[in-house]
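Here numbering that gives the first Met the number 0 is used: the first residue of the sequence shown is 0, the next is one more, and so on.
Some notes on the structure that comes next.
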Amino acid sequence: MAVDENPIEKLAYVSNKAAEAIYSSDDGIDAATIQPVDPNFETRVLRKIDRWLVGFYSIVYVFRVIDSANYSNAAIINLENGTGIKKQLGFTPEQWAWTLSIFSWGYMVFEPSNTLLLKLFKPSRWMFILILAWGISACASASVQGFRGMMGVRFAIGAAEAGFYPAVLYHWSFWYKPSDLPRRMALFYSVGQLSSALSGLLAFAISYMDGLGRIAGWRWLFLIEGLPAILLSFVAFGLPDYPETAKFLTNEEREFLSHRLAKTAPKGSPGHWDWASLLQLFKDPTFYTFTVYWICHGIGGFGVNFALPTVVYQLGFTTTTKSQLMNIPPYVSCFLFLNTVGYLISKGKIRPWVAAASSKYKLTCTKIKANGGPVESTIIVCYIILVAVNNPVVRYLALIVAVSCAGSAYPVIWPERIRALEGTVAAGIGIGFTNACAQWSGIVGPHVYSTIYGPRYRTSYAVCLSVLVVGISSILTTWHLIRRRDQKRAASVDT
């Protein structure tokens with residue numbers, strides 16, 4: 000039965016096969032394992048599935064990102080009216096930074112372990128629990144009266160949202176072949192970048208509700224942006240769990256999916272833990288170099304996202320209301336840049352090591368080519384501009400470029416991270432641990448970009464610049480280690 004599959008093995012298998020699909024030059028590799036089918040029929044079936052599993056989850060993801068991003072927008076909403084959140088709740092700069100970072104602590108604690116809970120629930124039931132939990136917690140933020148209450152609800156939101164992405168990947172694994180996933184993952188991830196832009200637009204509109212019903216604008220912001228998650232949680236009850244039980248499919252379509260997915264089932268008995276591969280994970284030096292890179296990019300690249308509305312406002316050429324709109328271009332640019340990079344990767348023009356400093360290599364043994372574009376280096380240049388230049392327009396443009404590059408590095412380097420993992424358990428744990436390391440951006444970022452360093456944030460940019468230098472060194476070291484490993488494998492095959 001599909002429900003009995005080990006979720007860690009399932010996630011690991013799908014992620015590894017998705018990575019292989021990115022690098023494979025043989026478009027018929029999956030077709031050889033199944034009987035020929037009518038391509039129009041296959042397209043029609045996949046579109047029916049996409050409406051639920053890609054369409055619905057993308058909509059939910061929009062509000063997941065909004066629920067996590069609206070807190071940064073709340074920092075500056077209605078400041079001129081004297082009804083800002085920091086003033087009403089009496090937050091000091093340090094307390095505000097802690098209420099920002101506690102969200103990521105919820106992620107850090109619960110994201111690696113959430114995969115285990117997937118075995119206890121059907122996907123539709125688990126999604127109902129997760130979405131309802133963060134929706135209620137987000138709405139509860141509107142009633143908070145002090146520092147302790149805000150710390151509690153922010154941690155709860157992070158804990159609930161932590162399980163969403165692995166649950167989506169796990170659910171998809173029952174419906175799609177691994178080669179189907181990269182394009183859908185790219186679309187799903189990039190929607191999140193537009194969601195951050197939408198969050199700023201909604202904050203702009205909701206700011207005009209300040210005082211309505213004697214409720215401050217920031218409270219309306221939390222309430223209105225949390226309600227959709229509660230509504231969507233009940234829609235999640237109608238999600239199709241598995242192909243064999245889906246009511247929207249015909250018998251012919253169920254039979255087709257059964258044959259189509261048969262060869263993609265993960266190997267190994269349910270519940271089996273391959274401790275040898277887990278031990279090998281901790282012996283692998285790339286485990287530590289990737290970890291350093293993920294942490295450094297999170298702090299140096301993503302950290303600014305948690306204070307972007309305040310940073311934009313303190314550039315000095317816009318009001319708090321207009322600055323909510325000024326938060327939109329960085330995320331729209333990131334959406335466009337990420338999809339452009341994704342397209343170039345899919346066409347073989349560039350490869351995931353584009354996230355590192357400029358480099359160029361070719362490995363015929365793994366069919367991997369890479370022309371390194373200076374994504375991290377570009378962020379460093381932007382930080383130098385932000386430190387040295389006084390013109391607010393130039394600094395704003397530098398922020399747009401920095402945010403665009405920062406939001407694109409993780410997605411394009413993920414395939415190489417996955418490819419470096421060996422063994423189903425090692426891959427499952429490694430994926431969760433690596434993704435959790437990204438949460439250091441939310442833990443450290445708010446403190447690095449505390450308002451005590453404003454309005455120029457020169458100290459903040461200098462700290463992030465230094466951290467990114469360490470990140471570049473780490474990813475170049477990782478590239479060297481993986482290249483050497485690939486060369487040794489190629490030599491052993493030749494002999």
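Each residue gets a CB set at the ideal place from its N, CA and C atoms; glycine is no exception.
Between the Cα of residue i and the Cα atoms of the options, which residue gives the shortest distance?
i    : options                : result
V53  : I205, G148, A235       : A235
S136 : S449, N80, D66         : D66
G134 : F173, V152, R483       : V152
A437 : R455, S449, I412       : I412
M149 : S100, Y175, M184, H446 : S100
S407 : P445, F301, S473, R484 : F301
L226 : T339, K86, Q94, A132   : A132
A68  : T377, P308, L475, E375 : P308
Q323 : T458, K246, G199, F334 : G199
G429 : L180, K282, Q87        : K282
I156 : I130, A166, K176, D179 : I130
M107 : A161, L119, Q94, W95   : A161
L502 : F55, T458, F203, L467  : Because residue 502 is not part of the residues shown, which for the chain are 0 to 494, the question remains open.
G299 : F233, R253, F336, G441 : G441
N338 : F109, I58, R183        : R183
P445 : R457, W95, A461        : W95
R457 : I471, N389, V443, L475 : N389
N72  : K121, F203, W125       : F203
F120 : Y164, I84, H170, T98   : H170
Between which residues of its own chain and residue i is the CB-CB distance below 6 angstroms, once the five residues before and five after are set aside?
i    : result
L464 : I379, Y382
I48  : W174
R484 : none
L362 : Confidence at L362 is low in this model, with a pLDDT of 37, below 50, so the placement of that residue should be treated as unreliable; the coordinate-derived value is given next. For L362, where only same-chain residues beyond five positions count, the Cβ hits under 6 angstroms are D485.
A401 : I378, C381
H127 : Correcting the residue identity first, residue 127 is Phe in this sequence and not His. So the qualifying residues of the chain are S232, A235, F236.
N250 : none
Following the continuous alpha helix (DSSP H) through residue i, name the residue where it begins and the one where it ends.
i    : result
D49  : 38-49
Q313 : Per DSSP, Q313 belongs to no alpha helix (DSSP H) and is neither H nor E.
V59  : 56-73
R218 : 216-234
Q87  : 84-88
S136 : 122-139
A158 : 146-160
Y164 : 163-171
P284 : 284-296
Excluding five sequence neighbours on each side, which residues of the same chain lie with their C-beta closer than 7 angstroms to the C-beta of residue i?
i    : result
I451 : P92
W51  : L238, P239
G216 : I76, N77, T82, I205, S206, M208, D209
R416 : F289, T433
I28  : Caution is warranted here: a pLDDT of 41 is assigned to I28, below 50, making its placement in the model unreliable, and the coordinate value is therefore given only provisionally. Contacts found: none.
T477 : T285, T288, F289, Y292
V59  : I130, L231
L480 : P284, T285, T288
Could you name the residues of the same chain whose beta carbon sits closer than 8 angstroms to that of residue i, not counting the 5 residues immediately before and after it, in chain order?
i    : result
G237 : S123
S257 : P242, E243
F154 : I101, F102, W104, G105
I384 : V393, R394, A397
F518 : The question about residue 518 has no answer, for the chain in this structure spans 0 to 494.
L88  : V143, Q144, G145, F146, M149
R253 : P242, E243, A245
L211 : W219
Assuming residue i and residue j are in contact, meaning their beta carbons sit under 8 angstroms apart, how far apart are those beta carbons, in whole angstroms?
i    : j    : result
V143 : C295 : 33 angstroms between Cβ atoms; not a contact.
S140 : F62  : Between F62 and S140 the Cβ distance is about 14 angstroms, and since that is not below 8 angstroms, they are no contact.
V303 : V310 : 7 angstroms
Y287 : A196 : No, Y287 and A196 are not in contact; Cβ-Cβ is about 35 angstroms, not under 8 angstroms.
Y188 : S473 : Incorrect: roughly 23 angstroms between the Cβ atoms, too far for contact.
V64  : S172 : Their Cβ separation, rounded to whole angstroms, is 23 angstroms, which puts V64 and S172 out of contact at 8 angstroms.
P328 : I399 : 6 angstroms
C333 : S403 : 4 angstroms
T285 : A435 : Not a contact, Cβ separation roughly 17 angstroms.
R46  : K176 : About 15 angstroms; that fails the 8 angstroms criterion.
A166 : F109 : About 12 angstroms separates the two Cβ atoms, so there is no contact after all.
V386 : Y448 : Rounded, the Cβ-Cβ distance is 14 angstroms, inconsistent with contact.
E224 : L201 : 6 angstroms
Check the Cβ-Cβ distances between residue i and every residue of chain B, and say whether any is below 8 angstroms.
i    : result
W217 : Looking for chain B here will not work: only one protein chain is present.
Mind pulling the alpha helix (DSSP H) runs of 4 or more residues that sit fully within the stretch 370-457?
-> 374-387, 391-418, 423-436, 439-447
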